[in-house]
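Counting from 83, one number per residue, gives the positions in the sequence shown under our numbering. Each residue gets a CB set at the ideal place from its N, CA and C atoms; glycine is no exception.
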Amino acid sequence: MMNYSPKEPPPQPPAPAGSPPLPAIHARNLTVTRGPRTVLRDLDFAVPQGQITGLLGPSGCGKSTLMRAIVGTQAKVTGTLNVLGHPAGDATLRSRIGYVTQAPSVYDDLTVRQNLAYFAAILDPGRAAADRRHEHVTRAIADVDLATHADALAGNLSGGQRSRVSLAVALLGAPELLVLDEPTVGLDPVLRRELWTLFHTIAADRRATLLISSHVMDEAERCHRLLLMRAGEILADDTPEALRTRTHAETVEAAFLRLVDEATATTTDTTTPAATDAHQKEPAR
83 MMNYSPKEPP
93 PQPPAPAGSP
103 PLPAIHARNL
113 TVTRGPRTVL
123 RDLDFAVPQG
133 QITGLLGPSG
143 CGKSTLMRAI
153 VGTQAKVTGT
163 LNVLGHPAGD
173 ATLRSRIGYV
183 TQAPSVYDDL
193 TVRQNLAYFA
203 AILDPGRAAA
213 DRRHEHVTRA
223 IADVDLATHA
233 DALAGNLSGG
243 QRSRVSLAVA
253 LLGAPELLVL
263 DEPTVGLDPV
273 LRRELWTLFH
283 TIAADRRATL
293 LISSHVMDEA
303 ERCHRLLLMR
313 AGEILADDTP
323 EALRTRTHAE
333 TVEAAFLRLV
343 DEATATTTDT
353 TTPAATDAHQ
363 KEPAR
């Protein structure tokens, strides 16, 4: 659950008719600490509804930590983080968010169908919901194109197929927000392309919001919007085209590297002996 100060503002109310929709995710001064180390530092960003936002950056930059904060499972979180109009971790969000971790979250000794039936029963328990659960399971299996493997043990599937089972679990109940932590890692180019086609179908047909992390920069071009991260901070929050234009780069990867160089140069300038001496000589304010 989020750790909020007593002065934390209440959840955002529904937007009045005719006004722009509220962002699916809105963060202000979001900080995460782990022991003496600050993992995420004062993040401010918004993820628009109904689009695919890519969360990109090198391994270890804090992408998974940020995703855990968004779904409400990260400890030592301060600042404001609203998800679908509620504080992150609010109990009302459980059925509205689908979350896929890097490791496939399925039981090897159950079939694909049995895995989905098990998780569907947790999301929507009771005998009265049996028909609805069956419908959701069948649809989720079809969504990830595993109908021909529905009765195969998950432990006998390939890595890519197991990843798709995890995605099918997240799709149960048609969540409004999908948070996917490096869902294409380790997959071959054909499977990656198929998954990205599915992601765009979900966003377009269901008007769902997808937040997808990756350290593969060529996947950035497949997103509507990007959050570029480095060392626990956000370097940029913009569309791929705007980032390329802003940095005069041909690719998002080149744009990212230029932003890294700019950030490094700024950090170096503010930590040189001359800059430090000048800062120390300034009168207190």
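#### Entry: residue 299 - containing alpha helix (DSSP H), residue span
Residue numbering aside, residue 299 sits at position 217 when the sequence shown is read from its first letter. No alpha helix (DSSP H) holds residue 299; DSSP gives it neither H nor E.
### Task
Could you tell me the boundaries of the alpha helix (DSSP H) in which residue 213 lies?
Taking the first residue of the sequence shown as position 1, residue 213 is located at position 131. 212 to 225 is the extent of the alpha helix (DSSP H) around residue 213.
### Message
Among 335, 277, 248 and 110, whose alpha-carbon lies nearest the alpha-carbon of residue 185?
### Response
Against the sequence shown, residue 185 aligns to sequence position 103. When only C-alpha atoms are compared, the closest one is 248.
### Query
Whose C-beta lies closer than 8 Å to the C-beta of residue 348 among residues of the same chain, with five residues either side of it excluded?
Counting from 1 along the sequence shown, the entry for residue 348 is found at position 266. Counting only Cβ-Cβ distances below 8 Å, and skipping sequence neighbours, we find nothing.
### Query
Using 8 Å as the threshold, is the stretch 338 to 347 in touch with the stretch 170 to 178, meaning 3 or more CB pairs across them?
no
### Query
In chain order, what residues of the same chain have a beta carbon less than 6 Å from the beta carbon of residue 241, not counting five sequence neighbours either side?
The residue given as residue 241 occupies position 159 in the sequence shown. Counting only Cβ-Cβ distances below 6 Å, and skipping sequence neighbours, we find 268.
### Query
Hey, would you say the C-beta of residue 253 is under 7 Å away from at least one heavy atom of the ligand SAH?
Judged by which ligands are present, the structure shown has none, so any question about the ligand SAH falls away.
### Message
Please state the DSSP three-state secondary structure of residue 176.
### Response
Start at 1 with the first residue of the sequence shown, and residue 176 comes out as number 94. If DSSP states are grouped into helix, strand and coil, residue 176 belongs with coil.
### Task
Tell me where the alpha helix (DSSP H) around residue 253 begins and ends.
Sequence index remark: in the sequence shown, residue 253 carries index 171 (1-based). Looking at the DSSP string, the run of the alpha helix (DSSP H) that includes residue 253 is 241 to 253.
### Message
Under DSSP, the alpha helix (DSSP H) around residue 276 begins and ends at which residues?
### Response
Here residue 276 refers to the residue found at position 194 of the sequence shown. It spans 271 to 288 - the alpha helix (DSSP H) in which residue 276 sits, taken as one unbroken run.
### Query
So, do the stretch 270 to 290 and the stretch 127 to 142 have three or more beta carbon pairs nearer to each other than 8 Å?
yes
### Message
Tell me which residues share the same chain as residue 226 and place their Cβ nearer than 6 Å to its Cβ, disregarding the 5 neighbours each side in the sequence.
### Response
Here residue 226 is taken as the residue at index 144 of the sequence shown, counted from 1. Once the five neighbours on either side are set aside, the close Cβ partners of residue 226 are 246, 249 and 250.
### Task
Determine the closest residue to residue 104 out of 167, 274 and 151, with distance taken between C-alpha atoms.
For the purposes of this step, residue 104 is identified with residue 22 of the sequence shown, where counting begins at 1. Considering only alpha carbons, the answer is 167.
#### Entry: 3 or more residues per run - each beta strand (DSSP E) lying fully within the stretch 302 to 350
307 to 312 and 315 to 320
### Message
Please state whether the Cβ-Cβ distance between residue 159 and residue 179 is less than 8 Å.
### Response
Taking the first residue of the sequence shown as 1, we reach residue 159 at position 77. Taking the first residue of the sequence shown as 1, we reach residue 179 at position 97. Taking C-beta atoms as the reference points, residue 159 and residue 179 fail to come closer than 8 Å.
### Simplified DSSP assignment, three categories, for residue 113
Stepping through the sequence shown from its first residue, residue 113 is reached at position 31. Three-state DSSP puts residue 113 in a strand.
### Beta-carbon spacing of residue 147, residue 114 below 8 Å
If you number the sequence shown from 1, residue 147 lands on position 65. If you number the sequence shown from 1, residue 114 lands on position 32. It is a contact, given that the beta carbons lie within the stated cut-off.
### Task
Identify whether residue 266 lies in helix, strand or coil by the three-state DSSP scheme.
Position 184 of the sequence shown, counted from the start, is the residue given in the question as residue 266. The answer is coil: DSSP assigns residue 266 none of H, G, I, E or B.
#### Entry: residue 191, buried or exposed, once every other Cβ within 10 Å from all chains shown has been counted against 16
The residue given as residue 191 occupies position 109 in the sequence shown. Classification for residue 191: exposed.
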